[in-house]
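First comes the structure, then the notes that go with it.
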Amino acid sequence: MSLNVGLLRETFARVKTENGGATALGMSFYKRLFEKYPAVIPLFHTPPEEQHKKLIASLGAIVGGVEQPERLLPYLHAMGIRHLKYKTETAHYGAVAENLLAVLAEHLGKEGEWTSEMQETWSAAIAVVAKTMIHQFLIYQFIQFFKLTTKVKLI
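Just remember that this note's numbering sits 12 ahead of the position in the sequence shown, which is counted from 1.
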């Protein structure tokens with residue numbers, strides 16, 4: 013399936029205006045995440061009232077940069093390394109993906125519609141984001157391990 017960029021942008025624009033806007037979506041995201049996946053709670057040191065702003069900003073950057081890989085990839089690589097430093101595990105990406113899709117469906121389904129095409133588009137976008145972040149996260153871990161176990165200087 014190719015990514016329907018127009019639909020991704022359209023639904024993200026709706027996030028900001030429907031059902032209490034982006035703040036409501038962000039707060040719902042963390043409420044549900046912490047209820048359904050309590051093991052992730054210790055990874056967060058910022059209250060949801062502030063953390064949701066980071067979520068929405070990240071989603072905005074991803075949706076805004078989806079057709080500009082030269083801009084988006086460095087952003088995702090940096091985010092992957094940051095999440096490694098937060099002690100994120102690769103298994104957490106699945107929890108976040110499931111949670112985001114569920115919250116998007118609930119949020120957008122209240123005042124409008126949430127279709128299977130929207131679900132597939134967001135699922136595909138989230139999968140690419142997660143794979144990119146995990147890939148960078150693994151490269152970073154490898155480099156750190158390599159530095160610790162060898163005397164070879166990396167450029």
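All C-beta atoms in this analysis are idealised placements derived from N, C-alpha and C, irrespective of residue type, glycine included.
Small disclaimer: the values here were computed from a predicted structure and weren't measured.
With a CB to CB cut of under 8 Å and the five nearest residues on each side skipped, what residues in its chain are close to residue i?
i: VAL17; result: VAL78 and GLU79
i: VAL63; result: The sequence as given places Gln at residue 63; Val does not occur at that position. Here the set comprises GLY38, TYR42 and PHE56.
With H, G and I counted as helix, E and B as strand and the rest as coil, what does DSSP make of residue i?
i: GLN80; result: coil
i: LEU15; result: coil
i: GLY121; result: helix
i: TYR87; result: helix
i: TYR49; result: coil
i: LYS97; result: helix
i: PHE56; result: coil
Alpha carbon to alpha carbon, how far is residue i from residue j?
i: GLY2; j: MET130; result: This structure cannot settle anything about residue 2, because the visible part of the chain is limited to 13 through 167.
i: ARG26; j: GLY32; result: 10 Å
i: THR58; j: LEU67; result: 12 Å
i: PHE158; j: PHE149; result: 14 Å
i: GLY124; j: LEU19; result: 14 Å
i: LEU161; j: ILE151; result: Sequence inspection shows Thr at residue 161; the Leu mentioned does not correspond to that position. For THR161 and ILE151, the distance between alpha carbons rounds to 15 Å.
i: ALA137; j: MET91; result: 16 Å
i: THR102; j: LEU15; result: 23 Å
Pick out whichever of the options has its Cα sitting closest to the Cα of residue i.
i: THR23; options: ILE74, TRP126 and THR161; result: TRP126
i: HIS89; options: ARG44, GLU30, MET145 and THR29; result: MET145
i: LYS48; options: GLY76, ALA114 and THR29; result: ALA114
i: PHE46; options: ALA137, ALA136, ALA69 and LEU112; result: LEU112
i: GLU30; options: MET91, PRO54, LEU116 and ARG44; result: LEU116
i: THR35; options: LEU96, ALA69, LYS143 and PRO54; result: ALA69
i: GLU132; options: ALA109, HIS147, HIS119 and LYS122; result: ALA109
Among residues of its own chain, excluding the 5 on either side of residue i, which ones have a beta-carbon nearer than 6 Å to its beta-carbon?
i: LYS65; result: none
Using 8 Å as the threshold, is the C-beta distance between residue i and residue j below it?
i: ALA107; j: VAL52; result: yes
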